[in-house]
């Protein structure tokens, strides 16, 4: 009979598909930050070390610790294990570890790390790289290339670096000093910032003789809503992105008493919460989708509701109502979502009368669009669907090989951590391209498995399993007044609470590794396992095998860990879906057939040669 699939084997650990099954939180992060590693460092009080682990991968730990969309947290093993209904599983609180907020802990408690940052190259390598825009993607390119000797120049229309992190994320979420600090680490590498210069012509920029050009200009244009009354009442209708920027620059300091915000994304949440702080007494969010289908992060919606802002879903805008050009309100059609046989959503009118909502101002936050009027269409850069440049998803090159795109400018609006990942990838391509190498041949990541055994019953990490629920981040009492656009809302974890939250991590990068030849089939590991995830049984078809385990393996998306046949012709089967990685099986095993081995993966950045040679030094 064919055996079931094997989830984890040391010999297969370099396989990305296997890695995905092993350390889900790190794989879910576009920058592949080694999450469990920095959480253990925080637990040990080594905040500066934890910060530098983050800084290598995601570049902006303090910024992302406040603003990240947290793609890692839904993949966190803690939430998955606590959701599981198998025997012995913890079910009190199906919440992942607060990975994002622990990232902020490392930033808040790190102290002065300037001495640990890379130094500017002692000598330039003669290559010049221009970056259009000084947002997270361009800054990452500069961070990776400048220490290698490249002369990197950032062209930014605004007075400071940071891009949308600075101008569109409100200060009550992200303080200015955090942006200044983390952008400053990059500029201190000898990167030239040309602030206040907007690039108006790609042809003119190419004529300046740069060896490579990286476009990280974001998606700078808000999508408008062209419905009746839009032009007549234009004075009191604003695009959310532009309005947030005007708030940042001080051009907008107050709003009307009644404000409607249209849209269901994070920009809409920033708009409504900002309007509340600028004098809006009756602020509402209206979105055409259902509440659960909104693109805004769940915690962003929760924060808006917590501040007294209602979110009204299933409302399709009908018209702006005005009297003599003065906006008085909007009409909305009530709809309900229905899904066809292919799962596509349709909004079907309910037949109820249209609603009227009175207002003084409307903020439109229904999406972002790219705008490339400055790229001449005959300069060699091909454009495709949605008038977007054709970009290679691996190398980030355009049809003009030495012009690359990243962040929102490459594939449309996403988030900061994706922009960082694009910057790393593009910097690698630029480095290989300018050294005459194929940008499609990417250097392998650093991969290592190391036993954590230090004695008969001793391990190099704390493998206790905390039963604590996820800890809440405290809010500033001053911010609760909602009268300041600059007072930060979240205080972050203090050191004591951060330590408690780190203990909820299940060390999913420390793997249970089974050696068949050492096993005497005593079943000691089965007896000690707190979640009944280990079974010795006859092999068979996977579907049937899953039902014969001590705790039936119900999640077919998670492969089983199945050994080769043992002397009795049984196999060892472990369900990774409920394993706590507590190491009790390895502690109890009398022959050392079980070991706990830490898996380390570090993505290689610019300067690393294919084959794993170290980063290239500047000449």
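Residue numbers (my numbering): 37 to 655.
By construction, the Cβ of each residue, glycine as well, lies at the ideal position given by its N, Cα and C atoms.
Since this is a predicted model, take the numbers as computed values, not measurements.
Straight-line Cα distance separating residue j from residue i
i	j	result
residue 432	residue 332	27 Å
residue 193	residue 199	9 Å
residue 622	residue 541	19 Å
residue 103	residue 210	7 Å
residue 600	residue 571	14 Å
residue 609	residue 90	35 Å
residue 548	residue 629	10 Å
residue 481	residue 169	29 Å
residue 642	residue 464	4 Å
residue 265	residue 248	46 Å
residue 96	residue 134	17 Å
residue 99	residue 204	13 Å
residue 242	residue 252	16 Å
residue 286	residue 114	43 Å
residue 111	residue 61	5 Å
residue 314	residue 521	7 Å
residue 76	residue 545	11 Å
residue 51	residue 584	Because residue 51 sits at a pLDDT of 49, beneath the cut-off of 50, its placement in the model cannot be relied upon, and the following sentence gives the value as read from the coordinates. About 29 Å.
residue 229	residue 190	5 Å
residue 386	residue 356	21 Å
residue 343	residue 539	31 Å
residue 178	residue 272	40 Å
Residue i classed as buried or exposed, judged by whether at least 16 other C-beta atoms fall within 10 angstroms
i	result
residue 422	exposed
residue 341	exposed
residue 401	buried
residue 83	buried
residue 367	buried
residue 471	exposed
residue 573	exposed
residue 426	exposed
residue 303	buried
residue 240	exposed
residue 536	exposed
residue 639	buried
residue 362	exposed
residue 171	buried
residue 378	exposed
residue 604	exposed
residue 306	buried
residue 231	exposed
residue 346	exposed
residue 384	exposed
Simplified DSSP state of residue i, which is helix, strand or coil
i	result
residue 240	helix
residue 127	Reliability of the predicted coordinates at residue 127 is poor, the pLDDT of 44 falling under 50, and the value obtained from them is presented with this limitation in mind. It is coil, neither helix nor strand.
residue 488	coil
residue 11	Residue 11 lies beyond the stretch modelled for the chain, which goes from 37 to 655, so this question has no answer here.
residue 205	coil
residue 642	coil
residue 477	coil
residue 370	strand
residue 327	helix
residue 672	Because the chain in this structure spans residues 37 to 655, residue 672 falls outside the shown range and cannot be described.
residue 167	strand
residue 266	coil
residue 497	coil
residue 547	strand
residue 606	strand
residue 72	helix
residue 213	helix
Candidates the options, of which the one nearest residue i by Cα
i	options	result
residue 459	446, 245 and 336	446
residue 336	353, 326, 308 and 350	308
residue 611	565, 281 and 632	565
residue 527	520, 451, 514 and 518	514
residue 414	454, 370 and 238	238
residue 391	377, 354 and 416	354
residue 598	244, 550 and 554	550
residue 10	301, 348, 338 and 313	Limits of the chain in this structure are 37 at one end and 655 at the other, which puts residue 10 out of reach.
residue 404	468, 289, 184 and 277	277
residue 656	325, 475, 297 and 306	The question about residue 656 has no answer, for the chain in this structure spans 37 to 655.
residue 221	289, 244, 511 and 151	151
residue 485	295, 406, 634 and 438	634
residue 626	588, 562, 575 and 617	562
Cβ of residue i within 9 Å of any chain B Cβ
i	result
residue 217	Going by chain labels, chain B is absent from the structure shown, which holds only one protein chain.
Can at least three beta-carbon pairs, one atom from the segment 485-492 and one from the segment 63-73, be found at a separation below 8 Å? Touching, no.
Is the segment 321-330 close to the segment 357-373, with three or more CB pairs under 8 Å? Because the criterion of three Cβ pairs below 8 Å is met, the segment 321-330 and the segment 357-373 touch.
Decide yes or no for the touch test of the segment 150-169 against the segment 220-227: beta carbon pairs closer than 8 Å, at least 3 of them. In short, these stretches touch, since the Cβ pair count reaches three.
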